[in-house]
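Peer 1: Per our numbering, residue 1 is the first one in the sequence shown, and the count goes up by one each step.
Ideal Cβ positions, reconstructed from N, Cα and C, are used throughout, including at glycine.
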Amino acid sequence: MVASLISRAHTRSSTEPPDVVLAKQLASGIKSLKLGFSDRILFHTADGMTYAAIDRFLAATLAADAPRLHVCTPYDPTGIMPNRVRERPIDQVINRWRDAGFIGNPVYLHAENARLATHLSSLWGLPVGTLPLPLPEYEPAGAITDRPSGEGHALRVAHLGPARIEKGFHLLPKIVEHALNELGWSNDSSNTPIKFFIQTTPQVVGYTPQVAEALTKLKGFPENVVRLIDKETSEAEYLALAQSCDVFLLPYGVHEYKYRSSGIVSEAVSLGKVIVATDNTYPASMIGSDAGVAATTVREFGSALAKISRNIEKYRLGAISAALHYRAEFAAKAYVDRCLEAERLGRTMSQW
C-alpha cells in the first residue's frame, strides 16, 4: 500500500518539487498504516528522486521510530541515474546517512546486481548488498527446445525493448550483415540459417536520427531474415516471443551498462537463453559457462552469432545450467532472506 502511494507521488501534479511530494506521501502512508521500527519498506528501482525523498523523510523523522528502509537501485550514479535532484546529490545524501548513523538501521543499501554492488561499495565507502529482483518461475528447457513450425533449424535471435542508442539499436544492421556473411547466406537463398526478431517501438521522444537510419536499413533485409516488431506487445505476447528465441542479442553501451542492471538480461538468464553481449558490461558478466559470448565490435557480434549457430546444442545446455542456478539463487524466498540477512548483520561501517 505504501508502494502504491509512492508510485502515485511521482506523477501527482503539484507546485512543490517532486521529491518533496514523494517524501510527504511516504510519511503519510507510513502514518496511515501505523508502520514502525518493526516494519519494512522496500524501494526497488530507486532513482535520484527516491534517495532525495527518503533523505527528506529521515530529516523530519526520529530514526528510532522509522520502519526499516531497504533501498535497491539498478543505476550507477557515476553514469545514468534518472530523476536526479540537484539540491540533493546522491553522494551528499549517502554522506549524511553515514554521518547520522542511519546505514544499517534504519537504512539498508542494495544494488540489483553483484557487479553494481561492488562498484557502489567502493564509490560510497559503505557496504552495499546484492538484491536482484526475483522473477516468475519459467521452464527453461521447454522454452529453449520449443520450435515454431516452418522455421527449420534457423537460429532465432531476439533484440527486445525500445529502440535505443544505449542498447545498440544503431549497430544492428551491421551485426545482421556480418552474421549472414559468416554463415554464407546469399540474398537469393530461400532458407536462412539465422532469423532476427527485433522490437522497434520508439522512445517517448521518438526515434533519434541514428535509430531512424538503422531502422531503414533493417527494413531492407528480407522478412524471412529480419522480422521487425513495431507495435507494443502484451506481457503474454512478449513472453511468448522471448521463449521462442534461442539467443538474446545485447550490444549495450559500455558507458550506460558497465554496472547498470537490466530486466531483459535477468529474463534472458532466467529463461535459459544464450546471451551475446558487449564485453565489459553487466550483461556480459551474466554469461554463464558455455552460455554465450562477449563481443566488442559489430564484426565480433556477427562472428559470435555464427559460432553459436554452429554449436547451438552446447550453448543451449550452458544456458539451461545458468538458468537453473540463477533461479535457485534468486528465487522470491532468497530475495526476502537477503533483506533479513542485511538486517541481521546490521551493515554498519564498524562491521566492515
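In chain order, which continuous runs of the beta strand (DSSP E) of length 3 or greater are located wholly inside the stretch 9 to 58?
Peer 2: Fully enclosed beta strand (DSSP E) runs of 3 or longer: 40 to 43.
Peer 1: Is residue 163 closer than 8 Å to residue 215 when the C-beta atoms are compared?
Peer 2: Yes, the Cβ-Cβ distance between residue 215 and residue 163 is below 8 Å.
Peer 1: Going by Cα to Cα distance, which pick from 30, 15, 40 and 16 is closest to residue 342?
Peer 2: When each option's Cα is compared against that of residue 342, the closest is 40.
Peer 1: Distance, Cα to Cα, residue 332 vs residue 321?
Peer 2: In a straight line, the C-alpha of residue 332 is about 19 Å away from that of residue 321.
Peer 1: Using DSSP's beta-bridge definition, name the partner residues of residue 356.
Peer 2: The question about residue 356 has no answer here: the residues shown for the chain are numbered 1 through 352.
Peer 1: Report the rounded CA-to-CA distance for residue 167 versus residue 267, giving the unit in angstroms.
Peer 2: Each residue's Cα considered, the two are about 16 Å apart.
Peer 1: Per DSSP, residue 248 is paired with what?
Peer 2: Answer is 158 and 275, bridged to residue 248.
Peer 1: Going by alpha carbons, who is nearest to residue 48 out of 23, 278 and 38?
Peer 2: It is 23 whose Cα lies nearest to the Cα of residue 48.
Peer 1: For residue 353, which residues of its own chain have a beta-carbon under 7 Å away from its beta-carbon, when the five flanking residues on both sides are left out?
Peer 2: Because the chain is modelled from 1 through 352, residue 353 falls outside the range shown and cannot be assessed.
Peer 1: Do you know whose CA, among 59, 62, 55 and 226, lies nearest residue 91's CA?
Peer 2: The option with the nearest alpha carbon to residue 91 is 55.
Peer 1: Kindly indicate the opening and closing residues of the alpha helix (DSSP H) around residue 96.
Peer 2: Unbroken alpha helix (DSSP H) run through residue 96: 90 to 100.
Peer 1: Using 8 Å as the threshold, is the C-beta distance between residue 298 and residue 286 below it?
Peer 2: It is not a contact, given that the beta carbons lie outside the stated cut-off.
Peer 1: Counting only runs that start and end within the stretch 279 to 348, where is the alpha helix (DSSP H) found for 4 or more residues in a row?
Peer 2: Qualifying alpha helix (DSSP H) stretches, in chain order: 282 to 285, 298 to 310, 312 to 329 and 332 to 345.
Peer 1: Between the Cα of residue 253 and those of 130, 336, 106 and 172, spot the shortest distance and give me the residue it belongs to.
Peer 2: It is 172.
Peer 1: Output needed for residue 306: all residues of its chain with C-beta closer than 7 Å, excluding positions within five of it in sequence on either side, in chain order.
Peer 2: Taken in chain order, the residues that qualify are 179, 182 and 183.
Peer 1: Mapping the DSSP letters down to three states, classify residue 211 as helix, strand or coil.
Peer 2: Note: residue 211 maps to helix in three-state DSSP.
Peer 1: Mind checking who residue 69 pairs with in its DSSP beta bridge?
Peer 2: Paired residues: 41 and 107.
Peer 1: Looking at the secondary structure, which residues open and close the beta strand (DSSP E) in which residue 227 lies?
Peer 2: Counting along the chain, the beta strand (DSSP E) containing residue 227 begins and ends at 226 to 229.
Peer 1: Between the C-alpha atoms of residue 340 and residue 220, what's the straight-line distance to the nearest angstrom?
Peer 2: Whole-angstrom Cα-Cα distance: 53 Å.
Peer 1: For residue 165, which of helix, strand or coil comes out of DSSP?
Peer 2: Of the three classes helix, strand and coil, the one that applies to residue 165 here is helix, per DSSP.
Peer 1: Run through DSSP, which three-state label would residue 64 get?
Peer 2: Three-state result, residue 64: helix.
Peer 1: According to DSSP, is residue 174 part of a helix, a strand, or is it coil?
Peer 2: If DSSP states are grouped into helix, strand and coil, residue 174 belongs with the helices.
Peer 1: How big is the Cα-Cα spacing for residue 169 and residue 59?
Peer 2: Using only the alpha carbons, I get a separation of about 43 Å.
Peer 1: Grouping DSSP H, G and I as helix and E and B as strand, with all else coil, what is residue 220?
Peer 2: It is coil, neither helix nor strand.
Peer 1: Round the Cβ separation of residue 130 and residue 153 to the nearest angstrom and send it over; I've been treating them as touching at under 8 Å.
Peer 2: Contact flag wrong, Cβ pair sits at about 38 Å.
Peer 1: Pick helix, strand or coil for residue 264, following the three-state DSSP scheme.
Peer 2: Residue 264: helix per DSSP, three-state reduction.
Peer 1: When DSSP labels each residue in this structure, what does residue 233 get in the three-state scheme?
Peer 2: Three-state DSSP puts residue 233 in coil, outside helix and strand.
Peer 1: Along the alpha helix (DSSP H) that carries residue 121, what are the first and last residues, could you check?
Peer 2: 114 to 124 is the extent of the alpha helix (DSSP H) around residue 121.
Peer 1: I believe residue 292 touches residue 315 by the beta-carbon criterion, under 8 Å. Please report the beta-carbon distance rounded to the nearest angstrom.
Peer 2: With a Cβ gap of about 7 Å, residue 292 and residue 315 count as contacting.
Peer 1: Starting from residue 255, trace the alpha helix (DSSP H) in both directions and tell me its first and last residue.
Peer 2: Where residue 255 is concerned, the enclosing alpha helix (DSSP H) stretches over 254 to 257.
Peer 1: Give me the Cα-Cα distance between residue 278 and residue 106, rounded to the nearest whole angstrom.
Peer 2: Straight-line Cα distance between these residues: approximately 38 Å.
Peer 1: Have a look at the DSSP bridge pairing and note the partners of residue 206.
Peer 2: In the DSSP output, where bridge partners are listed per residue, residue 206 has 203.
Peer 1: Does the distance from the C-beta atom of residue 276 to that of residue 304 stay below 8 Å?
Peer 2: Yes.
Peer 1: Counting Cβ pairs, one atom from each stretch, are 3 or more of them under 8 Å apart for the stretch 92 to 99 and the stretch 23 to 34?
Peer 2: With a cut-off of 8 Å, the stretch 23 to 34 and the stretch 92 to 99 do not count as touching, because too few Cβ pairs lie within range.
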